[in-house]
Amino acid sequence: MLSPILEKVTADESLTTGSGKKLDLVTVDIDQQTELAQEYKVRSIPMVVAFIDGKPVNQFVGSIPEPKVRDFIKGL
């Protein structure tokens, strides 16, 4: 499952994005937030969208291992 990996990684205060920004993890129930799911074209879950300054900058779909999640974050 991806949720425990995301929770662990985002709790790591030493991990920042490539631009040095800290992280916030926000989850969305797409069954309750259908308009938001449509806006971001959610076709499959889990789907992770990274935002910087309120704008989506990168994303991935599916469960990936912790090292790949860390690489994704560092690449932001």
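Numbering-wise (the working numbering), the sequence shown opens with residue 14 and increments by one. We treat Cβ as the ideally placed atom computed from N, Cα and C, and that holds for glycine. Quick caveat: nothing in here was measured; it's all calculated off a predicted structure.
Kindly give me the distance between the Cβ atoms of L19 and L38, rounded to whole angstroms, as I take these residues to be in contact under 8 angstroms.
Going by Cβ atoms, the distance from L19 to L38 rounds to 6 angstroms, so yes, they are a contact pair.
Compute the beta-carbon to beta-carbon distance between L89 and S32, rounded to the nearest angstrom, for a pair I have assumed lies under 8 angstroms.
The Cβ separation is near 7 angstroms, so the contact holds.
What is the C-beta distance between L36 and T23, in whole angstroms, given that I count them as a contact (C-beta under 8 angstroms)?
That belief holds up - the Cβ atoms of L36 and T23 are roughly 5 angstroms apart, short of 8 angstroms.
Just reading off the beta strand (DSSP E) that V82 is part of, what are its end residues?
It is not in any beta strand (DSSP E) - V82 instead sits in the alpha helix (DSSP H) that spans 79-87.
For V55 and P80, what's the separation of their Cα atoms in angstroms?
Cα-Cα distance, rounded: 24 angstroms.
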